[in-house]
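Per full-length UniProt numbering: the sequence shown = residues 1 to 481. Glycine included, C-beta positions come from ideal geometry on N, C-alpha and C. See structure below.
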Amino acid sequence: MHPLRPKSFLSLVLIGFAMVALPFNLAMINAEFFLDRLARRGSQAVYRSVSVVQESRNLVEQLLALERRVRQYQVLRAAELLAGIEEKHKEFAVSIENLRALPLQPDQQQRLRQLADAERQLYLALQGNGQALTHDQAFLEGFDELNRLARGLHDESQQLVVREVDALRSSTTRARRMLLWLAVLLVPVTGLFTAFFARRITGPIRQINRGISRLGEGDFASPVEVGGPDDLRFLGTRLDWLRQRLDAVEKDKRKFISHVSHELKTPLASIREGTELLAEEEVGPLNDQQREIALILRKNGRQLHKLIDDLLGFSRMQARISPFRGGAVPMVPLIKGIAASQRPAILKKNLDLKLDMEDLTLFGDRERLRNLVDNLLTNAVKYTPVDGVVRIMLCREGDKALLEVSDSGPGIPAEERKNIFKPFYQGSSPVLGPVQGTGIGLSIVQEYARDHGASIEVLDSPLGGACFRVKLPLAEQEGES
């Protein structure tokens with residue numbers, strides 16, 4: 001057993017469903033991953049932007065509060081105001097550290113360092129010589145520079161919000177594009193998986209169907225081979241076993257028919273010879289009753305002889321003993337020869353045989369074509385009443401030859417037409433001849449038509465009876481002319 005071959009048809013179907021669903025599942029997982037990452041980046045961007053804007057606003061407010069305390073100290077000279085200045089200085093330092101902890105741009109970090117250094121210098125100067133510096137206008141103007149740096153940092157923090165929004169929009173666009181390409185790639189990949197497993201699933205089913213069809217058509221020579229899962233392969237081996245059994249039964253049946261037919265022909269020949277001698281009064285004169293009995297024996301002897309000949313022909317046809325010998329067959333002389341061989345039966349019923357034929361050459365087996373036409377003509381003569389009409393028409397139709405044999409007999413009911421080609425089937429139409437048919441002739445006609453890649457159909461004849469139509473292949477030179 002192959003290690004990668006499924007053990008059962010159900011497991012193959014389940015594997016197929018899983019593999020077809022796999023691209024969708026991977027796409028959903030990938031989409032979930034990208035959306036989750038995009039959501040995290042969005043929340044982080046919002047947090048950073050809000051934190052930077054808030055801390056930069058705190059810096060501006062703390063600088064204003066620090067400047068206000070310094071100016072109050074300049075006016076009031078109260079010692080407790082110095083403690084308030086120190087408190088604002090510490091709050092400012094905390095805000096500086098908070099901003100440094102955030103992922104700022106290089107220019108923002110540079111501006112933040114400048115702001116921290118400038119504020120520290122002012123604070124140290126104030127601690128060293130506070131009373132003198134508070135009267136120094138240049139010292140107070142240092143706060144203007146601090147406010148300018150703080151407002152610049154605040155403005156840049158607002159620009160950071162815009163940049164974060166743009167970055168988030170860009171990430172969203174990339175994620176959307178990636179998901180779109182993923183969806184585009186998902187369709188052919190899923191289609192390939194679907195086609196592959198559909199072929200793996202339906203392939204063994206088609207093989208089983210072909211095997212059963214061949215068995216139904218009587219082809220017991222071709223082995224039944226089924227691939228796929230182990231249970232279907234086992235079913236294939238059982239079908240092949242059935243084929244072998246049917247082949248053996250068919251061979252035994254043909255052998256029996258052939259053997260019995262040949263065994264019957266020898267005593268039948270003696271019986272026919274004796275009845276002919278009696279009917280012709282070669283052994284002495286007969287009275288009317290004896291003559292009637294002799295004629296009955298002769299008639300039934302002929303019918304039995306024909307039945308045995310048909311059985312042998314049918315057996316040979318099913319066994320395909322004679323190989324198909326394809327070649328160019330001129331049809332006009334062939335049909336005229338068949339008509340001449342049946343001239344006694346035609347004259348006996350005073351039939352009008354019409355031959356409407358183009359000079360066509362067919363590609364086929366001469367003997368099979370002869371038997372095909374002979375059986376169709378025999379059937380027409382048999383069912384046509386006295387003084388009736390039988391017509392054989394041969395013409396070209398495209399790259400085929402159209403052969404029609406029609407008669408003015410009782411015709412074939414529509415409900416019987418699907419059965420008349422079955423072996424030994426006897427229709428309801430009365431036989432208007434001395435010998436009852438065996439129901440094999442039309443079966444032979446159908447098989448010989450199939451041997452030529454043709455089909456036969458039954459139509460209503462313009463003459464009032466039945467019309468048998470066969471389309472046969474033309475010889476190559478005929479098809480090209």
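How about the region 12-30 and the region 185-198: do they share at least three Cβ pairs that are nearer than 8 Å?
-> At 8 Å Cβ cutoff, the stretches touch.
Comparing alpha-carbon positions, which option in L307, E358, A345 lies nearest P330?
-> E358
In terms of alpha-carbon separation, which member of T384, L277, L102, K382 lies closest to G55?
-> The residue asked about is misnamed: residue 55 is Glu in this sequence, not Gly. Ranking T384, L277, L102, K382 by Cα distance to E55 puts L102 first.
Where A221 falls: helix, strand or coil (DSSP) = coil
Cβ-based burial, V52 [other Cβ within 10 Å; buried from 16] | buried
Collapsed DSSP secondary structure at A132 in the structure displayed = Unreliable placement is indicated for A132, whose pLDDT of 45 sits below 50; the coordinate value is still reported in the next sentence. A132 falls in the helix class under three-state DSSP.
Quick one: grab the DSSP three-state call for P423.
-> coil
State buried or exposed for P462, treating a residue as buried only when at least 16 other CB atoms are found within 10 Å of its CB.
-> exposed
Secondary structure, alpha helix (DSSP H): runs of 4+ residues fully inside the region 253-332 = If we require 4 residues or more, the alpha helix (DSSP H) runs fully inside the region 253-332 come out as 288-319.
Would you call M1 buried or exposed, if buried means 16 or more other Cβ atoms sit within 10 Å of its Cβ?
-> At M1 the pLDDT is 47, less than 50, meaning the model places this residue with poor confidence; the figure from the coordinates comes in the next sentence. The residue is exposed, with fewer than 16 neighbouring Cβ atoms inside 10 Å.
Residue from P229, G218, G326 whose Cα sits closest to the Cα of S11 = P229
Using the Cα positions of P385 and K349, report the straight-line distance between them to the nearest angstrom.
-> Each residue's CA atom was taken as its position, placing P385 and K349 some 7 Å apart.
A65 and K88 look like a contact to me (Cβ under 8 Å); what is the Cβ gap, rounded to whole Å?
-> In this structure A65 touches K88 by the C-beta definition: roughly 5 Å separates them, less than 8 Å.
May I have the straight-line CA-CA distance separating E225 from I456, to the nearest angstrom?
-> Cα atoms of E225 and I456: separation of roughly 32 Å, rounded to the nearest angstrom.
Beta-carbon separation of L472 and A380 under 7 Å?
-> no
Just mark N58 as buried or exposed, buried being the case when its beta carbon has 16 or more other beta carbons within 10 Å.
-> Classification for N58: buried.
Cα separation between R151 and V165?
-> Straight-line Cα distance between these residues: approximately 21 Å.
Which stretch, first to last residue, makes up the alpha helix (DSSP H) that contains T378?
-> 366-383
Residues bridged to I456 by DSSP?
-> V470
Taking 7 Å as the cut-off, decide whether the C-beta atoms of L35 and L146 are in contact.
-> no
To which residues does DSSP link F363 through a beta bridge?
-> A328
Compare the Cα-Cα distances from V445 to each of G464, L242, K422 and report the closest residue.
-> K422
Does the distance from the CB of A328 to the CB of R298 come in under 7 Å?
-> no
Best match in D252, V405, P410, R417 for proximity to R469 [C-alpha to C-alpha] | When each option's Cα is compared against that of R469, the closest is V405.
How close, in whole Å, do the beta carbons of F363 and L474 come, if the pair is a contact with beta carbons under 8 Å?
-> At roughly 7 Å, the Cβ-Cβ gap stays under 8 Å, so F363 and L474 are in contact.
Through-space distance from Q207 to F196, alpha-carbon basis | 17 Å
Below 8 Å on the Cβ atoms is my guess for V20 versus T194; work out the distance and round it to an integer in Å.
-> 5 Å
Check L14 in the structure and name its three-state DSSP category.
-> helix
Determine, using beta carbons only, whether T266 and G301 come nearer to each other than 7 Å.
-> no
Output yes or no for whether 7 Å exceeds the beta carbon distance between V458 and R417.
-> yes
Per DSSP, L394 forms a beta bridge with which residues?
-> M357, L403
Looking only at DSSP bridge pairs, what is V389 linked to?
-> D352
For Q108 and L149, believed in contact at Cβ under 8 Å, the rounded distance | Their Cβ separation, rounded to whole angstroms, is 11 Å, which puts L149 and Q108 out of contact at 8 Å.
Cβ separation of P410 and Y383, assumed to be a contact under 8 Å, to the nearest whole Å = By a beta-carbon distance limit of 8 Å, P410 contacts Y383. Their separation comes to about 7 Å.
For the alpha helix (DSSP H) containing V445, list its first residue and its last residue.
-> 441-451
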